[in-house]
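Numbering-wise (the working numbering), the sequence shown opens with residue 62 and increments by one.
The C-beta atom is built at its ideal place from N, Cα and C for all residues, glycine as well.
Note that this is a predicted model, so its numbers are computed, not measured.
Written below as structure tokens is the structure these notes are about.
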Amino acid sequence: MVQTPLSTGWDFCRRGTQEWRQARVPGHVHDDLVRHGVVADPFYRMNEKECQWVDQEDWVYRCRFDWSAKDGGPKRVLRFEGLDTVCSVFLNGSLVAEHDNMFLPLEVDVTSLLRASNELVVEFSSAVRVANERRSAYLAKERIAPSLSTFYERSFVRKAQYMFGWDWGPRLVSCGVWKPVWLLEYDTRVTDVWVRPRLEDGEWLVDVSWEGEKVSKPEVRTMWHAPETVTTIEHSDRSLILRVNGAELWQPNGLRPSEVYKLNLAFGPFEKEVSFGLRTVELVREPDKWGESFEFVVNGERVFCKGANWIPDHSFPSLVSRRDYEEQVHSMTRLHFNMVRAWGGGMYESDDFYNRCDQYGIMVWQDFPFACAYYPEDEPFLAGVEAEARANIRRLRNHPSLVLWCGNNENQQMHEQKWGGDESPERFYGEKIYDDLLPRILKEEDPDRPYVHGSPSGKVEGRDSNMDGVGDSHYWDVWHGRGDWKHYEESTSRFSSEFGFASSPSLCTWSKTVDRKTDWAFDSEAVKWHDKTLKGYEKYISFIELHYPKVETLEDLVYFSQLNQRDALRCGIEHYLMSEFCAGTLVWQFNDCWPAQGWAVQDSERNMKPSGHELARLYAVWCSTTRVTKDLLEVFFRSNLPEGWDRTPLLTFSILDLSGETLLSHEQEISLPFGEFRTKLAEFDLSLVDRARAVFMSEIGTFDRLIRPRSARLLCEPKEFTQEAGRLVVSTASQVVRQLSSDQVLVDLVLYDPDFRASGYYQFCPVYVPGAPFVLNLDYEPKRLVARSLAGFHEVEIARGPL
Numbered sequence: 062m063v064q065t066p067l068s069t070g071w072d073f074c075r076r077g078t079q080e081w082r083q084a085r086v087p088g089h090v091h092d093d094l095v096r097h098g099v100v101a102d103p104f105y106r107m108n109e110k111e112c113q114w115v116d117q118e119d120w121v122y123r124c125r126f127d128w129s130a131k132d133g134g135p136k137r138v139l140r141f142e143g144l145d146t147v148c149s150v151f152l153n154g155s156l157v158a159e160h161d162n163m164f165l166p167l168e169v170d171v172t173s174l175l176r177a178s179n180e181l182v183v184e185f186s187s188a189v190r191v192a193n194e195r196r197s198a199y200l201a202k203e204r205i206a207p208s209l210s211t212f213y214e215r216s217f218v219r220k221a222q223y224m225f226g227w228d229w230g231p232r233l234v235s236c237g238v239w240k241p242v243w244l245l246e247y248d249t250r251v252t253d254v255w256v257r258p259r260l261e262d263g264e265w266l267v268d269v270s271w272e273g274e275k276v277s278k279p280e281v282r283t284m285w286h287a288p289e290t291v292t293t294i295e296h297s298d299r300s301l302i303l304r305v306n307g308a309e310l311w312q313p314n315g316l317r318p319s320e321v322y323k324l325n326l327a328f329g330p331f332e333k334e335v336s337f338g339l340r341t342v343e344l345v346r347e348p349d350k351w352g353e354s355f356e357f358v359v360n361g362e363r364v365f366c367k368g369a370n371w372i373p374d375h376s377f378p379s380l381v382s383r384r385d386y387e388e389q390v391h392s393m394t395r396l397h398f399n400m401v402r403a404w405g406g407g408m409y410e411s412d413d414f415y416n417r418c419d420q421y422g423i424m425v426w427q428d429f430p431f432a433c434a435y436y437p438e439d440e441p442f443l444a445g446v447e448a449e450a451r452a453n454i455r456r457l458r459n460h461p462s463l464v465l466w467c468g469n470n471e472n473q474q475m476h477e478q479k480w481g482g483d484e485s486p487e488r489f490y491g492e493k494i495y496d497d498l499l500p501r502i503l504k505e506e507d508p509d510r511p512y513v514h515g516s517p518s519g520k521v522e523g524r525d526s527n528m529d530g531v532g533d534s535h536y537w538d539v540w541h542g543r544g545d546w547k548h549y550e551e552s553t554s555r556f557s558s559e560f561g562f563a564s565s566p567s568l569c570t571w572s573k574t575v576d577r578k579t580d581w582a583f584d585s586e587a588v589k590w591h592d593k594t595l596k597g598y599e600k601y602i603s604f605i606e607l608h609y610p611k612v613e614t615l616e617d618l619v620y621f622s623q624l625n626q627r628d629a630l631r632c633g634i635e636h637y638l639m640s641e642f643c644a645g646t647l648v649w650q651f652n653d654c655w656p657a658q659g660w661a662v663q664d665s666e667r668n669m670k671p672s673g674h675e676l677a678r679l680y681a682v683w684c685s686t687t688r689v690t691k692d693l694l695e696v697f698f699r700s701n702l703p704e705g706w707d708r709t710p711l712l713t714f715s716i717l718d719l720s721g722e723t724l725l726s727h728e729q730e731i732s733l734p735f736g737e738f739r740t741k742l743a744e745f746d747l748s749l750v751d752r753a754r755a756v757f758m759s760e761i762g763t764f765d766r767l768i769r770p771r772s773a774r775l776l777c778e779p780k781e782f783t784q785e786a787g788r789l790v791v792s793t794a795s796q797v798v799r800q801l802s803s804d805q806v807l808v809d810l811v812l813y814d815p816d817f818r819a820s821g822y823y824q825f826c827p828v829y830v831p832g833a834p835f836v837l838n839l840d841y842e843p844k845r846l847v848a849r850s851l852a853g854f855h856e857v858e859i860a861r862g863p864l
């Protein structure tokens, strides 16, 4: 088969004009308009508002290409990997297809239409206009009030729902040829290979089947690791069965190495390579003394799931590259994640994303893309969903990292709690999709994986599906309810699949997002525009000031809100880790699609917030947790060790005054069992400690090396902490190592270059102790540095000599 990419020679214009401009394919119209200066960057200041007209217009993309017949390629097919969204396709003036699903590839047989010189045209209709037309017609037919807010326009077009705006993202609906376009010329081809590993009587067998056009019986060429790894025990024209010798399992990150196999099949003149892993997965939901469990068992072992929710990594998903996925999934491993949830307002994630999750052992919970809305149930809509679901299930089902399909995000909860108010319909529109259509398709296309109808999944007759004690739950009573993160300790969630607390992005991100002369204030209109949390800005600030000092500057907003988010997630995760009832925590959320004041633990520029550093500590194979009451501090320890782990942790805890003098201390070596382990280690009497001028510090290591860096815990509220901000010295004597020195204990130290250099401009340290080595990750010699801790801003001296 000859595959010719049609990625060059594209231009675009607004329908009804002849103002043709060069286009980027794959791409989106907003990105093209920004590059040509027609609209300003919608991420900058409040430019999002000025871009709304784009989504009301129709846009035309065209491409001219030459062609000549190829030997052995009598059939010619145009394949669009992704068109966003409602469009008509023309080749040489002939209408060849109409399409309206962003998630579904389109193939068109153009064997008889190709010429030596060709013009391909894609006319996009406004998804906003089409969605509103469809909505009006459907609601009228169903006799539903047009004012019902939760039957959104977005429900009527199959495109990524977050592009219509969310409580962390902008409304940039957009359109475009968002995935690659190919001209395929062939006589025979394979359209699908399905690899189904199964464990039978202690042996790993692999069922392999395939579909295609004029496909011959394949030859098994290679299987990694080595040819002797696999034995063919049955072989027919449409399937074969392999035995894997010396099987090595795919494992979640943090347990053992994760193995991915590659199988190469030769179908006559061409080869097809597929990857897969050997693993079993179960979702166990059983009645118990707390309600009903929700826990994953992988390869026969219970796994406590640690991770976060994932949203599309950019408002315009075509701009997310293979390298972006590599960096992002690798970042998850540095935070010790073993699971990520691809949230239902986004999309079926890309093969690049899944390949990296396969490689790094990150389990993927994949929502079908339906979120926080009612959806139509007429036959045309259901038929479109069926085609979309089958295509994406087939595309993703070979990935060992995929461990759960989920029907939707919060749709049943929305119906039960009547988010639409008194106008909410009696019937749950969309239920046919999640309870009938998707389970039927999965039974045919991917019966070996668990499925839940939606998240949260506590579907109990007469009870709220987001109830504690049953299924997975979204614990938003803190942010959307009582506001103080200390209420996380009241949750009895069996699997907390969403919980989070908002914070500002970094100063570096603000420097690229707002005008530093006119907008550099915590309450400027531009800064507030990037808060989509729907909380009310004053309420958002008040949540910070419950625990931290008054927010007066943009620097205050960044520093205090990010620390408050860290404290909130720490409170929730420690509570769930030390409980007996919880089997997983997925914080909301890992990433951002634009510069937002929101729940992400890293901002859109991939600056890791303090909450991310704290996740890395809490999600490690072992961690300590604390509880502070009136006059008592208790220390607990949790581990989850794989069999064969041969290190014994040495735990050191101390309470220091601000000069670094030890007031109380405890050291303990623990001989740990394999598997999950929790224990109380120590307690400290605080009655004689000046809690406003002391800090609790913990270290976990072994006798030969430190495993986890120091962490600190205040013994008072941060706004009650009292310390004079002393002077710091940073040495640039070495070109490789930059060192810092202070004569004070410094809590939550942030050091950054105020010029916001791209590399190494920022460093966060939860606690610095005088005399201890501290190395800065600066790969250049800074001219000036800003340092801030809970004591305030510090004078910084940059010294060229050694400390």
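Separation of G315 and V342 (C-alpha to C-alpha, rounded to the nearest whole angstrom) is 16 Å. Within the model, the alpha-carbon separation for F225 versus R195 is close to 16 Å. Assignment of D412 by DSSP, reduced to helix, strand and coil, places it in the helix class. The three-state secondary structure of H476, taken from DSSP, is helix. Straight through space, the alpha carbons of V847 and E730 are spaced by roughly 39 Å. The Cβ atoms of D809 and G787 do not sit closer than 8 Å to each other. At least 8 Å separates the beta-carbon of V425 from that of L396. For the segment 789-851, not one full-length alpha helix (DSSP H) segment reaches 4 residues or more. Runs of the alpha helix (DSSP H) lying entirely within the segment 453-530, each at least 4 residues long, are 472-477 and 499-506 in chain order. When beta bridges are read from the DSSP output, E730 appears opposite L711.
If you draw a straight line from the Cα of V281 to the Cα of T292, it is about 9 Å long. Ranked by Cα distance from C236, the first of G230, V242, T172 and Y122 is Y122.
Close CB contacts of L174 within its chain, under the 8 Å cut and outside five residues either way in sequence, are with L152, N153, S155 and V157 (chain order). Ranked by how close their Cα comes to the Cα of R845, the residues F835, V836, A860 and A852 have A860 in first place.
In the three-state scheme derived from DSSP, where H, G and I count as helix and E and B as strand, A743 is classed as strand.
Residue state for Q79 is assigned as coil, using DSSP reduced to three classes. In its chain, beyond the 5 residues on either side, G226, W227, D228, W229, G230, P231, A657, Q658 and G659 have a beta carbon closer than 8 Å to the beta carbon of K593. Bounds of the alpha helix (DSSP H) holding Q626 are L615 to M639.
Here the segment 645-657 makes contact with the segment 393-411; the two share three or more CB pairs at distances below 8 Å. Taking the C-beta atoms as reference points, W239 is found no nearer than 8 Å to P66.
Per DSSP, the beta bridge partners of I859 are V791. The DSSP-derived three-state label of P135 is coil. Every beta strand (DSSP E) stretch that sits fully inside the segment 223-274 and reaches 3 residues is listed by chain position as 242-247, 250-261 and 264-274. In the DSSP assignment, T594 falls outside any alpha helix (DSSP H), carrying neither H nor E. Partner residues in the beta bridge of P66, as assigned by DSSP, are W243. Taking a C-beta distance under 8 Å as the contact criterion, E781 and A753 qualify as a contact pair. In this structure, DSSP gives C148 an extended state, which the three-state scheme calls strand. Residue burial is scored here from C-beta neighbours: V521 has fewer than 16 other C-beta atoms within 10 angstroms and is therefore classed as exposed.
Check the Cα spacing between G544 and each of V63, Y601 and A101: the tightest is with Y601.
Under the three-state reduction of DSSP output, W546 falls in the helix class. Relative to the Cα of F73, the nearest Cα in the group A852, F217, P710 and L181 belongs to L181. In the DSSP annotation of this structure, the continuous segment of the alpha helix (DSSP H) that includes G673 starts and ends at P671 to L679.
DSSP, reduced to helix, strand and coil, places V115 within a helical segment of the structure shown. For V358 against I302, the beta-carbon gap comes to about 26 Å, at or over 8 Å, which does not count as contact. Our two residues, E272 and G338, have alpha carbons roughly 21 Å apart in a direct line. Secondary structure note for S197: its alpha helix (DSSP H) is the uninterrupted segment A188 to E203.
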